[in-house]
Structures are given as C-alpha cells and as structure tokens.
Amino acid sequence: MKFHLKKTIIITLVVYPIFLFILYLMAGFVIEAFVLFSGIFLFFMIFQLGYYWVIEGEKISKYIFFMKHVDIEISEIKLIEAYKVKEIGTIHFYLGKGPHEDEYQFIMKNGLIIKSYAHCYNSNGLTIGRYLNNEKRIKLIEKTRYKIMNS
43 MKFHLKKTII ITLVVYPIFL FILYLMAGFV IEAFVLFSGI FLFFMIFQLG YYWVIEGEKI
103 SKYIFFMKHV DIEISEIKLI EAYKVKEIGT IHFYLGKGPH EDEYQFIMKN GLIIKSYAHC
163 YNSNGLTIGR YLNNEKRIKL IEKTRYKIMN S
C-alpha cells in the first residue's frame, strides 16, 4: 500500500499558475524571475512526487526523491505521536479537508524517532498514522505544539 502527497501536488499545480500571474502583474514579464521560480517549482514537484511511504507486509519504507530512505518493521513501532502546530498571532484559512495533524512521529522501541508529513494519504483517504492506528493497532497520541509567529 502506498501513501503519497497527492492532495498537496494538486494544490501546488493550482497555486503555481496563480502565483506566476500575480508575479507578472507586479513585475511584468522578467525572464530571470520566471526561470528562477520555475526551477523552484520543479524542485518542489519532484520532491512531492518522490516523497511517499510504502507498506509491504510487515515492513514500512520511506522514500525521498524516489530513493529508499528508511526501512522499518511495523512491529518495532512503540507508538505514534500526531502533532498539530498552532501559531499564536496568525490567522489561517483552510481550503478543503485535510488531516487533523501536521506531522507524525513514529517512536520506535529502541528510542529512535522517525518523522513523517501528515499529508501522505493512501487510496482510501487515510493518512499513514491513522492507517497504522486503525489497521495495525499501534497507539496514537495527539499533541499540540504552540509556536509564536516568526520563531
């Protein structure tokens, strides 16, 4: 089963042309700026396409830029911490339905902590942390971090 950033990729594809249009209205057509922002956009798209988790049997693997970065046994995960980051002094607008948390931390039995974005979904719309909690019965603890803006 594969968990990837599908919704994030769709949002990026919608927001990027709007950003380029606003840049064009503000600065005119500057080829250097267009090339710079296109390069940044391509980097983020390759990262979003190449960042995913794969569950095969009792192993879970994390891929970054299409290369295996972490390979762990599901039975070695002691608990999952789901973090929601709230910034004090900011206003947020939420477009669409997203996960309740921003980040997952997988706490291993040997004390190792492995982090994951909470926006990795499978084909059924479950995030990786919620899937492991529901299907593999790994304890999930929800936590909230408060952060002052610009820190």
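Residue numbers (the working numbering): 43 to 193. A virtual CB, placed ideally from N, CA and C, is assigned to each residue, including glycine. All of these numbers come straight from a predicted model, not from anything done at the bench.
Would you check if the distance between the CB atom of residue 54 and the CB atom of residue 86 is smaller than 9 Å?
-> yes
Spatial neighbours of residue 128 within its chain, please: CB distance less than 8 Å, with the 5 preceding and 5 following residues excluded, ordered by chain position.
-> 186, 187, 188, 189
Does DSSP put residue 112 in a helix, in a strand, or in coil?
-> strand
Compare the beta carbon distance of residue 45 and residue 164 with 9 Å and say whether it is the shorter of the two.
-> yes
By how many angstroms is the C-alpha of residue 49 removed from the C-alpha of residue 145?
-> 16 Å
If you check the beta carbons only, do residue 118 and residue 150 fall under 9 Å apart?
-> yes
What are the uninterrupted segments assigned as alpha helix (DSSP H) that are 4 or more residues long and contained completely in the stretch 50-134, given in chain order?
-> 73-92
Is residue 147 closer than 9 Å to residue 173 when the C-beta atoms are compared?
-> no
Helix, strand or coil for residue 170 per DSSP?
-> helix
Could you check the C-alpha separation between residue 154 and residue 52 for me, to the nearest Å?
-> 33 Å
Straight-line gap, residue 94 to residue 103 (C-alpha atoms, nearest Å) | 8 Å
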